[in-house]
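Numbering (UniProt numbering), first residue to last: 1 to 316.
Next up, the structure:
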């Protein structure tokens, strides 16, 4: 998530949802973001993890290329062959308040889930700066990346003012070309709005406050943290579709980009899961925010289309 500010919103009719493309949002961003609100009618709130039959795993057009079911021993770190920790407290320019750590109290496997916990506690990281919160951030950088296919995760979100959970992708060339030239695909972000999720593309000329975003809400007004939901993206060379519980919520193509800008989604991206605390976009926790805040991830799965050449890249 690389961000700067809160979005202005425009409401649209949910009936147009399945056919319409929605236009103009993450790494150093969230300052004044244009986005689209979609009301999703009849999207029931799952009270248990989304079953594997609801995921792409059961569909013949998809071939599983990578996954983590988080079935390690209770209290253990996520598999080192699949994930690395990103630690510290730079906040990526977002004015976040947490220090990310690799401690089990912030990141662990438990009862078949990955649990990322944001805690209110004074903590001094390796940079020598004391901050009032800790949390966790893990990524597959250098271990797994893929161009195109379907990326999905079954997640139960935390919820509170100033709490910012995310499931997102960054281009694996970020160290050589920088952000946003390498691209960013935000599959799911929440900033404490009980029934609202954001999905966003960032690239050169459309990043930060100008990212191309969709803001979508459950028409029932139920909170997204009441159960597990399936957040996914289906990514083709010239088309990116975002889904909530397998319902299409937004579609992006090069035609949605600002004039003169480039579609940079043509190379492998890696996965990031984190819970940030505070920042320009969500604002800071207040008296209503309770701690600890936990994001539970039942699984993350990545697929390529059946009949296509291998698009994934795994290194150890």
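We put the CB at the ideal spot given by N, CA and C, even for glycine.
Minimum C-alpha distance to residue i - residue among the options
{"i": "residue 112", "options": "300, 304, 306 and 291", "result": "300"}
{"i": "residue 121", "options": "139, 225, 292 and 115", "result": "292"}
{"i": "residue 84", "options": "91, 108 and 65", "result": "108"}
{"i": "residue 283", "options": "191, 131, 166 and 77", "result": "191"}
{"i": "residue 295", "options": "66, 158, 202 and 229", "result": "158"}
{"i": "residue 167", "options": "72, 114 and 175", "result": "114"}
{"i": "residue 56", "options": "96, 68, 151 and 79", "result": "151"}
{"i": "residue 127", "options": "88, 94 and 246", "result": "88"}
{"i": "residue 215", "options": "227, 222 and 189", "result": "189"}
{"i": "residue 203", "options": "248, 218, 169 and 220", "result": "169"}
{"i": "residue 206", "options": "132, 69, 242 and 262", "result": "262"}
{"i": "residue 193", "options": "201, 217 and 213", "result": "217"}
{"i": "residue 93", "options": "110, 153 and 179", "result": "179"}
{"i": "residue 243", "options": "200, 271 and 265", "result": "200"}
Buried/exposed call for residue i, threshold 16 Cβ in 10 Å
{"i": "residue 208", "result": "buried"}
{"i": "residue 142", "result": "exposed"}
{"i": "residue 71", "result": "exposed"}
{"i": "residue 322", "result": "The displayed coordinates of the chain run from 1 to 316. Any statement about residue 322 would go beyond what the structure contains."}
{"i": "residue 211", "result": "buried"}
{"i": "residue 61", "result": "exposed"}
{"i": "residue 49", "result": "At residue 49 the pLDDT is 49, less than 50, meaning the model places this residue with poor confidence and gives no usable figure here."}
{"i": "residue 124", "result": "exposed"}
{"i": "residue 76", "result": "exposed"}
{"i": "residue 290", "result": "exposed"}
{"i": "residue 250", "result": "buried"}
{"i": "residue 73", "result": "exposed"}
{"i": "residue 221", "result": "exposed"}
{"i": "residue 258", "result": "exposed"}
{"i": "residue 307", "result": "exposed"}
{"i": "residue 79", "result": "exposed"}
Heavy atom of the ligand GDP within 8 Å of residue i beta-carbon
{"i": "residue 69", "result": "The ligand GDP is not among the ligands present in this structure, which contains no ligands whatsoever."}
Inter-residue CB distance, residue i and residue j (contact presumed, cutoff 8 Å)
{"i": "residue 116", "j": "residue 185", "result": "Going by Cβ atoms, the distance from residue 116 to residue 185 rounds to 20 Å, so no, they are not a contact pair."}
{"i": "residue 231", "j": "residue 155", "result": "6 Å"}
{"i": "residue 197", "j": "residue 277", "result": "Not really, about 18 Å apart at Cβ, beyond 8 Å."}
{"i": "residue 279", "j": "residue 96", "result": "5 Å"}
{"i": "residue 173", "j": "residue 182", "result": "5 Å"}
{"i": "residue 118", "j": "residue 275", "result": "5 Å"}
{"i": "residue 106", "j": "residue 67", "result": "Contact flag wrong, Cβ pair sits at about 23 Å."}
{"i": "residue 304", "j": "residue 63", "result": "5 Å"}
{"i": "residue 131", "j": "residue 101", "result": "With 8 Å as the limit, residue 131 and residue 101 do not qualify as a contact, their Cβ atoms being about 11 Å apart."}
Residues that DSSP places opposite residue i in a beta bridge
{"i": "residue 304", "result": "63"}
{"i": "residue 263", "result": "None; residue 263 has no bridge partner."}
{"i": "residue 171", "result": "269"}
{"i": "residue 224", "result": "In DSSP, residue 224 forms no bridge with anything."}
{"i": "residue 148", "result": "Its beta-bridge partners do not exist; DSSP assigns none."}
{"i": "residue 165", "result": "275"}
Cutoff 9 Å: residue i Cβ touching any chain D Cβ
{"i": "residue 289", "result": "Here chain D cannot be found, since the structure has a single protein chain."}
- Let me know the beta strand (DSSP E) ranges lying completely inside the segment 50 to 137, each 3 residues or longer, listed in chain order. DSSP runs (the beta strand (DSSP E)) wholly in the segment 50 to 137: 62 to 68, 98 to 100, 107 to 110, 113 to 124 and 130 to 135.
- Jot down the residue ranges of each uninterrupted beta strand (DSSP E) in the segment 238 to 297, minimum 3 residues, whole runs only, in chain order. For the segment 238 to 297, whole beta strand (DSSP E) runs of length 3 or above, ordered along the chain, are 239 to 244, 247 to 252 and 269 to 277.
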